[in-house]
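Take any residue in the sequence shown, note its place counting from 1, add 27, and you have its number in my numbering.
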Amino acid sequence: MTLPSRLPVPVQGIKPKQLKDTWGASRSSGRTHEGIDIMSERGTRVYSSTEGLVADLRNNNLGGKVIWILGPGGTWHYYAHLNEHKRGLNVGDYVKKGDLIGYVGNTGNARHTSPHLHYGIYLNGKGRGAVNPYPYLR
């Protein structure tokens, strides 16, 4: 599986130089951070960083409101802690790079943190084979 050398920053108004590499940071229960957190105001638009199929939309304790997009070459793109999904977005929808998919929030285990988007990329299936998104967003 290969990724393009560059992906657009998925949060409206955020430039690559504003990003902070939070990959691998310690998390609760002995986990490490499998993605980066892109800080922004609640309600800021979140765009798909790739074309692909909306494979999952859900609300869970860890990521809160999340979206999984199955991108080109079998890459999985994970958007978490959303305030809300885009109204009308459904599992099975096809999105293009740059399409609106949701809004920044702090749902799930981020409810006591500042609003942000957690963005992760996985190469070996949904939630498997995590790679650091930071170099691709530069």
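Ideal placement from N, C-alpha and C gives every residue a C-beta, glycine not left out.
Only a predicted model underlies this, so the values are computations on that prediction, with no experimental measurement involved.
Asked                                                                                               : Found
From H60, R69, P160 and K123, residue whose alpha carbon lies closest to that of E111               : R69
C-beta atoms of P37 and V93 nearer than 8 angstroms                                                 : no
Cutoff 7 angstroms; reference K113; Cβ partners in own chain excluding five residues on either side : L127, I128 and G129
Closest by C-alpha distance to G98, when choosing among S75, R138 and N88                           : S75
Alpha-carbon to alpha-carbon, W103 and R85                                                          : 15 angstroms
Buried versus exposed, by CB contacts within 10 Å (16 or more), T140                                : exposed
Beta-carbon proximity check, Y146 vs P162, cutoff 8 angstroms                                       : no
Distance between beta carbons of L109 and G91, contact taken as under 8 angstroms                   : 7 angstroms
Beta-carbon proximity of G115 to T71, cut-off 8 angstroms                                           : no
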